[in-house]
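Just so we're aligned, residue 4 is where the sequence shown starts under the numbering used here, counting upward by one.
Beta carbons are placed, not taken as given, at the ideal position from N, Cα and C, and that holds for glycine.
Values in this document were obtained by computation on a predicted structure and should not be read as measured data.
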Amino acid sequence: MRSTIVSSESQVRADDRAHVFHSWSAQGLIDPLPIERALGSHFWDYQGRRYLDFSSQLVNINIGHQHPRLVAAIQEQAAKLCTIQPAFANDKRGEAARMIAEIAPDGLNKVFFTNGGAEANENAIRMARLHTGRHKVLSTYRSYHGSTATAITATGDPRRWPNEPVAIGVVHFWGPYPYRSPFHSDSPEQETRRALAHLRDTVVFEGPATIAAILIETVVGTNGILVPPPGYLAGVREICDEFGIVFIADEVMAGFGRCGEWFAIDHWGVTPDLITFAKGVNSGYLPLGGVVIADEIAETFRERPFPGGLTYSGHPLACASAVASMQIFKEEGIVEHARALGEDVIGPELAILAEKHPSVGEVRGLGVFWAIELVTDREARTPLVPFNAAGPAAAPMNAVAAACKERGLWPFVHFNRLHVVPPCTITEAELREGLAILDEALTVADGFY
Ligand code: PLP
Numbered sequence: 004m005r006s007t008i009v010s011s012e013s014q015v016r017a018d019d020r021a022h023v024f025h026s027w028s029a030q031g032l033i034d035p036l037p038i039e040r041a042l043g044s045h046f047w048d049y050q051g052r053r054y055l056d057f058s059s060q061l062v063n064i065n066i067g068h069q070h071p072r073l074v075a076a077i078q079e080q081a082a083k084l085c086t087i088q089p090a091f092a093n094d095k096r097g098e099a100a101r102m103i104a105e106i107a108p109d110g111l112n113k114v115f116f117t118n119g120g121a122e123a124n125e126n127a128i129r130m131a132r133l134h135t136g137r138h139k140v141l142s143t144y145r146s147y148h149g150s151t152a153t154a155i156t157a158t159g160d161p162r163r164w165p166n167e168p169v170a171i172g173v174v175h176f177w178g179p180y181p182y183r184s185p186f187h188s189d190s191p192e193q194e195t196r197r198a199l200a201h202l203r204d205t206v207v208f209e210g211p212a213t214i215a216a217i218l219i220e221t222v223v224g225t226n227g228i229l230v231p232p233p234g235y236l237a238g239v240r241e242i243c244d245e246f247g248i249v250f251i252a253d254e255v256m257a258g259f260g261r262c263g264e265w266f267a268i269d270h271w272g273v274t275p276d277l278i279t280f281a282k283g284v285n286s287g288y289l290p291l292g293g294v295v296i297a298d299e300i301a302e303t304f305r306e307r308p309f310p311g312g313l314t315y316s317g318h319p320l321a322c323a324s325a326v327a328s329m330q331i332f333k334e335e336g337i338v339e340h341a342r343a344l345g346e347d348v349i350g351p352e353l354a355i356l357a358e359k360h361p362s363v364g365e366v367r368g369l370g371v372f373w374a375i376e377l378v379t380d381r382e383a384r385t386p387l388v389p390f391n392a393a394g395p396a397a398a399p400m401n402a403v404a405a406a407c408k409e410r411g412l413w414p415f416v417h418f419n420r421l422h423v424v425p426p427c428t429i430t431e432a433e434l435r436e437g438l439a440i441l442d443e444a445l446t447v448a449d450g451f452y
């Protein structure tokens, strides 16, 4: 009989290469690094090499790796009740939903739980369609909403292309992006006006009576940490109100402290109709996501059944971890910590790097959610690698990433950008250590300038 004990790095690699089918990858062209353990802001490979996690594992572990209280809460719940199907009431399911409703904007009081972000968006769109009796969904080109059928169709970025055609009824529009304005604006204020005029035109020409929802990432994540310019989100709210459209705020990446507020949208005091979340709700210690639902939409399903569900919806273990995570966030002031790190350390330090390195075109962000956009010409804003670069075209960014990894920092790289997205719990000393490594790695980017 073959032993199933995995003890060595070579065994981990062999099993992975033989049997694991990886996301988003050509299976024969990848060589995933085996990881043995993690703690706080770091993880370790089998050679004992330590990496400072400036990626937060797909911008997920807001609370850091292996938070002892969160691990203990999961163990405690596992000893009591691992699973019970969604039709039952359960203490942790109810407590998690109540705590999420308490931190959500006023008037959003119910939570539908899913296993992750894509399912959250699928179900938010389903709710919007059933609530309005309309079918179209408008979402932006620079977006990622997940890889299930409707979520990947709503996604604007190139991950959608090889999946088409999947779902029907999705229309894309341009969101604001002052640094590379699709509207050729000269200022954030002009960008807001033009982006809203474009959105309104899109609604009018698509036929308002056919549009169920506008789905946007409150702060666009993978597609560039695009912080909405002043007045944009309030303007989207007004357009939704004018035409009876459901406003879905995708906070899967931006929510739960990442932007220095519980929900990113709290920065602008705007209330959407549905908020989708996942990742930071429990830092992915167990799969969990969901939709926070406005009372008016919840009311639609008071007498009429909601025609959707998941075996693991409101999974007790996952919900127990969300409850513990939110308690820890409150007791340890993690949201405030994330905000202060952005204002006092990341923002000022990245501004210094932008002064120093010609390859830095722009830095932007808030909380612990930042991007460094790399260019080969500041005036022309030519990206260091082209949009959707892959293979040899991506080599300059791969060189920058390699320079980070050699120095013990695990970066988050997307096209021509380095995203600075460490855990919300990172200490100031760790953060400064990571930024010093980025400073060195940026000299590699300068070499392509
Ligand atoms: N929405 C946003 C904004 C995301 O960043 C992601 C994942 O990165 C998703 C949705 C999809 O979440 P999941 O991978 O949990 O399905």
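Which value, in whole angstroms, describes the spacing of the CA atoms of residue i and residue j?
i      : j      : result
Asp18  : Glu39  : 15 Å
Ile64  : Gly119 : 14 Å
Glu443 : Gly411 : 12 Å
Arg5   : Phe24  : In this prediction, Arg5 scores a pLDDT of 48, lower than 50, which makes its location untrustworthy; no coordinate-derived value is stated.
Ile273 : Thr143 : Note on identity: in this sequence residue 273 is Val, with Ile being the wrong assignment. Distance between the alpha carbons of Val273 and Thr143 is about 19 Å.
Gln193 : Ala157 : 26 Å
His201 : Val74  : 47 Å
Gly178 : Thr446 : 32 Å
Gly292 : Arg420 : 27 Å
Phe46  : Ser328 : 20 Å
Glu241 : Arg137 : 19 Å
Arg367 : Ile103 : 28 Å
Ala396 : Leu387 : 10 Å
Glu122 : Val255 : 11 Å
His68  : Tyr288 : 9 Å
Tyr49  : Ser188 : 50 Å
Within this structure, are the beta carbons of residue i and residue j separated by less than 9 Å?
i      : j      : result
Thr279 : Ala127 : yes
Ile268 : Ile217 : no
Cys262 : Ala198 : no
Glu409 : Leu55  : no
Ser44  : Pro414 : no
Val173 : Leu141 : yes
Ser324 : Val223 : no
Ala215 : Lys282 : no
Ile349 : Trp373 : yes
Which one or two residues does DSSP pair with residue i in a beta bridge?
i      : result
Asp56  : Trp413
Phe365 : Rather than Phe, the amino acid found at residue 365 in this sequence is Glu. Partner(s): Glu376.
Thr279 : Asp253, Val294
Nearer than 8 Å: is that true of the beta carbon of residue i relative to any heavy atom of the ligand PLP?
i      : result
Ala374 : no
Asp160 : no
Met256 : yes
Tyr180 : no
Ser328 : no
His175 : no
Thr86  : no
Asn124 : yes
Ala216 : no
Can you look up residue i in the DSSP assignment and give me helix, strand or coil?
i      : result
Ile87  : coil
Glu39  : strand
Ser146 : coil
Gly312 : coil
Glu220 : strand
Arg5   : Its pLDDT being 48, under 50, Arg5 is placed unreliably by the model, and nothing is read from it.
Asp253 : strand
Ile214 : strand
Thr430 : coil
Thr117 : strand
Glu306 : coil
For a cutoff of 9 Å on Cβ pairs, would you count residue i as touching chain D?
i      : result
Ala152 : Looking for chain D here will not work: only one protein chain is present.
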